[in-house]
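Asker: Under the numbering used here, think of the first position of the sequence shown as 350, with each following residue one higher. For every residue, glycine included, the Cβ atom is placed at its ideal position computed from N, Cα and C.
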Amino acid sequence: MFRALLSTGHIDGLLHGKEWHECALWLPGMMFFLISIYSGSKSLATLPLPVFLAMQNMALVFRATADLIFHQQIVTAYTYVMMMLTLCSGLAIAKTDPQFEPDGYFWMCVHIVSLGVFDIYTNLMKGRLKLRPTERLFCCYFYSVIVLAPCSYFLGDALEAATFPYLYFGQFYVGCILSGVLGMLMNLCAIRLHEANISHSFLDIATVQSIAKNHSKSDQNLDSTVSWASDKELPPGLKRHELQQDMIRLEMS
């Protein structure tokens with residue numbers, strides 16, 4: 350997929366001119382990404398999809414806590430209430446689930462913590478990591494393939510796949526492929542939206558700066574024009590402040 354997007358020009362070149370030590374700084378992020386996708390797949394194997402989606406929202410609490418600790422960004426009362434409702438709903442789901450599976454909820458907790466730590470580490474590395482968001486995403490997927498391919502055998506997941514009831518159904522493989530492709534496209538769309546919001550904010554700042562610069566230039570021209578006319582050159586009965594007011598009226602019209 351990355352090769353196809355590169356050839357069509359939808360994304361720029363990946364890791365061109367980058368040193369290995371720059372990629373090494375992103376190694377903890379790749380590890381947390383790997384833990385999140387592995388624990389998410391393990392929890393989805395036993396938990397229903399609505400339960401998984403409802404509890405995954407608890408990772409947003411980690412992001413808000415990281416903003417509060419590292420950026421001193423105090424959340425609003427509405428955000429605080431929503432986070433408390435998210436935590437309470439997650440705990441209520443775990444307590445009232447009639448098909449409670451300890452293993453599934455354990456891996457769900459690992460998934461939530463790894464996602465939260467991944468967001469915290471990403472915020473900590475802002476300004477120090479020279480990799481673009483698309484390059485970080487590519488490193489995460491590449492690292493996951495390299496590590497999970499041999500580890501699936503040593504962890505026993507490859508052997509357990511032989512007893513999977515849907516192993517010989519074509520829909521299972523189509524779903525796996527679509528899950529990976531759509532997940533990557535969703536991450537790329539999120540990156541594009543984030544970059545578009547940043548560029549829009551920079552555009553607004555540049556517009557305000559240009560307006561302020563033009564306004565300051567007009568004020569300087571007005572002051573120089575008024576100061577050029579000295580008191581000796583003014584007609585009798587005409588004061589300097591009256592001339593300034595007339596010049597301002599002319600410029601406003």
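Select from F503, L398, C437 the residue whose C-alpha is nearest the C-alpha of M407.
Answerer: C437
Asker: Pairs of beta-carbons, one from the segment 474-490 and one from the segment 424-435, closer than 8 Å: are there three or more?
Answerer: no
Asker: Closest by CA to I418, which one among P447, L473, V459, F487?
Answerer: L473
Asker: Which whole runs of the beta strand (DSSP E) in the segment 374-440 are 3 residues long or more, in chain order?
Answerer: Whole beta strand (DSSP E) segments, 3+ residues: zero.
Asker: By the three-class DSSP mapping on this structure, what secondary structure does M474 have?
Answerer: coil
Asker: Looking only at C-alpha atoms, which of I469, T435, V424, I423 sits nearest to A403?
Answerer: Closest option to A403, Cα to Cα, is T435.
Asker: Are there three or more Cβ pairs, one per stretch, closer than 8 Å when the segment 441-457 is compared with the segment 365-385?
Answerer: Judged by Cβ distances under 8 Å, the segment 441-457 makes no contact with the segment 365-385, as fewer than three pairs qualify.
Asker: Taking only the alpha-carbon atoms, compute the straight-line gap between M457 and A415 and give it to the nearest angstrom.
Answerer: Using only the alpha carbons, I get a separation of about 20 Å.
Asker: Just curious, the alpha helix (DSSP H) that E509 is in, first and last residue?
Answerer: Run containing E509: 506-509, per the alpha helix (DSSP H) assignment.
Asker: What are the boundary residues of the alpha helix (DSSP H) that includes P499?
Answerer: 482-503
Asker: Between the alpha carbons of E450 and L504, how many angstroms are there, rounded?
Answerer: 21 Å
Asker: Could you check what DSSP says for W369 in three-state terms: helix, strand or coil?
Answerer: helix
Asker: Would you tell me roughly how many angstroms separate the C-alpha atoms of M380 and I386, rounded to the nearest one?
Answerer: CA-to-CA, the gap between M380 and I386 works out to about 10 Å.
Asker: Is DSSP giving E544 helix, strand or coil here?
Answerer: Helix, per DSSP.
Asker: In the structure shown, what three-state DSSP assignment does V448 receive?
Answerer: A small correction: the amino acid at residue 448 is Gln; Val does not occupy that position in the sequence shown. Correct three-state label for Q448: coil.
Asker: Grouping DSSP H, G and I as helix and E and B as strand, with all else coil, what is L516?
Answerer: coil
Asker: Let me confirm a value: I423 is counted as buried when at least 16 other C-beta atoms fall within 10 Å, else exposed. Which label applies?
Answerer: exposed
Asker: Using a 10 Å radius around the Cβ and a threshold of 16 neighbouring Cβ atoms, would you call G453 buried or exposed?
Answerer: buried
Asker: Taking 7 Å as the cut-off, decide whether the C-beta atoms of F467 and F382 are in contact.
Answerer: F382 sits close to F467, with the two beta carbons spaced by under 7 Å.
Asker: Let me make sure I understand the geometry here. Which of A545, K479, V400, A413 has the alpha-carbon closest to that of N374?
Answerer: According to the sequence as given, residue 374 is Leu; it is not Asn. If we check each option's Cα against that of L374, K479 comes out closest.
Asker: If I measure Cβ to Cβ from A561 and keep anything under 6 Å in the same chain, skipping five residues before and after, which residues do I get?
Answerer: Reliability of the predicted coordinates at A561 is poor, the pLDDT of 49 falling under 50, and no value is obtained from them.
Asker: Using a 10 Å radius around the Cβ and a threshold of 16 neighbouring Cβ atoms, would you call S463 buried or exposed?
Answerer: buried
Asker: Can you grab the Cα-Cα spacing for the pair L508 / G476, in whole Å?
Answerer: 43 Å
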